[in-house]
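Working notes for the structure below.
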Amino acid sequence: MAYKLDTLCVQGGYRPQSGGERIPPISQSTTYYYANTQEMADLFDLKGDGYFYTRLANPTVAAFEGKVAALEGGVAAIGCASGMSATTLAALTVCGAGDNIVSSSAIYGGTYNLFAVTLPKVGIETRFFDPDAPAEEIEKLIDDKTKIIFTETIANPSIKVLDFGKIAAIAKKHGVLFAVDNTLATPVLCRPFEHGANLIIHSSSKYLDGHAAALGGVIVDGGNFDYKGNHRYESFNVPDESYHGLVYADLPAAQFATKCRAQMIRDIGAIMSPQNAFLSWLGCDTLALRMERHSSNAKKVAAYLDAHPKIDWVWHASLPANKYHALAEKYLPKGQGGMLSFGIKGDVAQAAKFMEALRLITQETHVADVRSCVLHPASTTHRQLTKEELEQAGVPENLVRLSVGIENPDDIIADLEQALARI
Ligand SMILES: *Cc1c(COP(=O)(O)O)cnc(C)c1O
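With this note's numbering, letter number 198 in the sequence shown gets 754, and the count goes up by one each step, no holes.
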């Protein structure tokens, strides 16, 4: 029976054995014992299910992977050490030197840096596109060496909403893997596989954990891409000598996830720790409830700020005048999430003064947990950029990024009110 999403949040990914722990125990062991040599040999050959070494797989991590795969409607998931490692391992599963990624430019700063600076050092190029550009312009970037089209459902910090229909059509037409970072929407608000995505990435450090407690990332395999005979994905179609000639495209399911685990997790090892998997699994229990509250709180805060005379502009797709409102109605009908950006009238100093006047809402380099927090990119994460460079990066100097928590919305608004009164 197919359960609904809020049921999967609390029941997905783990079923206890009779007499076993009701929630997944933290399997804090590097290795697993086998009495029978053949059983262990079969595991090494990917012929059997089981655990032998925590760098490859671990029961607690598997429970979390199972839950996220169920929530996203994917066929398999891989828990990684962080969101950044999830994106890196996903890219390396399909890209080698000479290949390229075609990516939206409206993406998380760390991912931008990975694509623009780090991957080129190993010969993987990224071609960036403006997500608002017409399909013909984006298509021009694709060539025979393009392996991934990369996007974010809700972009951080520009809060742009992805036009799934446009990107999915391009990916399908050219037979390229369509990957979406779904961190800021979560499967509660949007399920990218239903809109044509083939691969989903999460930084579980954000809403999935939800409590600012555990770093982590997840790669989810949609199981909906045909690698067999696709000239772009030769590495899925030739025997993998490091796995006794296994041809990933011939596997009955989870071809991407199997290749990623067998090659990248094995060789690079940026796997999620059992402790973090436990915390993230637990965090997901309340994900559906939290996303509802984050979204309704952010909608109220956005409307309040939008009407305030000291506020220049507000970006949140719940606002009817927002450029992405129509896309949000289509792809994020249950809510637009807790992240919003706004501009304080005035300069950097005014914005800094406002931030310091906040009492309940704290300044921190984090987003998407239960506690409301703010960041002023121009004086922190982007402080090396000039005013002109900031404009180019889509981060005006007066931009304040607010991650709306699940506190009572009246208290959040009252805090903003008293801080705005002091500038
Ligand atoms: C934070 C974040 C990441 C990176 O995740 P880490 O867990 O910090 O490595 C990637 N994408 C988005 C959208 C994020 O917000």
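Built from N, CA and C at the ideal position, the CB exists for glycine as well.
Remember, predicted model here, so these are calculated numbers, not experimental data.
- prompt: Short check: CB of Y570 to CB of A626, under 8 Å?
  reply: no
query: Which of the three DSSP states, helix, strand or coil, is assigned to Q584?
result: coil
task: Would you kindly work out how many angstroms separate the C-alpha atoms of V774 and S761, rounded to a whole number?
output: 10 Å
- request: Go to T702, then tell me how far its alpha helix (DSSP H) extends in each direction, as first and last residue.
  value: Careful: T702 lies outside any alpha helix (DSSP H), inside the beta strand (DSSP E) at 702 to 708.
query: Taking three-plus beta-carbon pairs below 8 Å as touching, is the stretch 785 to 805 in contact with the stretch 857 to 871?
result: no
field: Delimiting residues of the beta strand (DSSP E) encompassing T682
entry: 681 to 685
- request: Tell me whether the beta-carbon of C651 lies closer than 8 Å to the beta-carbon of L764.
  value: no
- prompt: Is I705 closer than 8 Å to L740 when the C-beta atoms are compared?
  reply: No; because the gap between Cβ atoms is not below 8 Å, this pair is not in contact.
Opening and closing residue of the beta strand (DSSP E) in which M542 lies: Outside the displayed span of the chain (557 to 979) sits residue 542, for which this structure offers no information.
- request: Can you have a look at I680 and say buried or exposed, based on whether 16 or more other CB atoms are within 10 angstroms of its CB?
  value: buried
- prompt: Cβ of Y668 versus every heavy atom of ligand 1: is any distance shorter than 7 Å?
  reply: No, since every heavy atom of ligand 1 falls outside the 7 Å radius drawn around the Cβ of Y668.
query: Across which residues does DSSP place F503 in a beta bridge pair?
result: This structure gives no information on residue 503, because the portion of the chain shown stretches from 557 to 979.
- prompt: Which of helix, strand or coil does DSSP assign to C816?
  reply: In the three-state reduction of the DSSP assignment, C816 falls in the helix class, which pools H, G and I.
task: Below 8 Å on the Cβ atoms is my guess for L843 versus C636; work out the distance and round it to an integer in Å.
output: Distance from L843 to C636 at the Cβ level is roughly 19 Å; contact not present, criterion being Cβ atoms closer than 8 Å.
field: Contact the stretch 659 to 670 vs the stretch 844 to 853: 3+ CB pairs below 8 Å
entry: Not touching, per the Cβ criterion.
- prompt: Taking C-beta to C-beta, are I657 and K703 nearer than 8 Å?
  reply: It is a contact, given that the beta carbons lie within the stated cut-off.
message: Can you find the residues in the same chain that come closer than 6 Å, C-beta to C-beta, to K855, ignoring five residues on each side of it along the sequence?
response: S874
query: What's the C-alpha gap between D605 and V631?
result: Cα to Cα, D605 sits roughly 15 Å from V631.
- prompt: Using the C-alpha atoms, what's the distance from I579 back to F834?
  reply: 9 Å
task: Determine the contact status of S897 and P713, defining contact as a CB-CB distance below 8 Å.
output: yes
task: At 3 residues or longer, and completely inside the stretch 784 to 854: list those beta strand (DSSP E) runs for me, N to C.
output: none
Residues bridged to C929 (per DSSP): According to DSSP, residue pairing for C929 in a beta bridge involves T918, S959.
task: Give me whichever residues DSSP pairs with I867 in a beta bridge.
output: I900
query: Tell me which same chain residues have a C-beta within less than 6 Å of the C-beta of G950, skipping the five on either side of it?
result: So the qualifying residues of the chain are S714.
- prompt: Can you tell which of E577, H932, N592, K890 has the C-alpha that lies nearest to the C-alpha of N954?
  reply: H932
message: Helix, strand or coil, according to DSSP, for A689 in the structure here?
response: coil
query: CA-CA distance, G785 and A805?
result: Cα to Cα, G785 sits roughly 8 Å from A805.
field: One or two residues paired with D719 in a DSSP bridge
entry: DSSP output for D719 lists no bridge partner at all.
- prompt: Is the beta carbon of D737 within less than 7 Å of some heavy atom of ligand 1?
  reply: Yes; taking the cut-off as 7 Å, the Cβ of D737 has a heavy atom of ligand 1 nearer than that.
Per DSSP, cross-strand counterpart(s) of A633: V776.
query: Can you tell me the Cα-Cα spacing of P687 and E708, whole angstroms?
result: 10 Å
- prompt: How long is the line joining the alpha carbons of I756 and Q594, rounded to whole angstroms?
  reply: 35 Å
task: Taking only heavy atoms of ligand 1 into account, decide whether any of them is closer than 7 Å to the Cβ of L771.
output: yes
- prompt: Going by the beta-carbon positions, is the gap between E885 and P743 smaller than 8 Å?
  reply: No, Cβ-Cβ distance for E885 and P743 is not below 8 Å.
query: Would the C-beta of L955 count as close to ligand 1, meaning under 7 Å from any of its heavy atoms?
result: no
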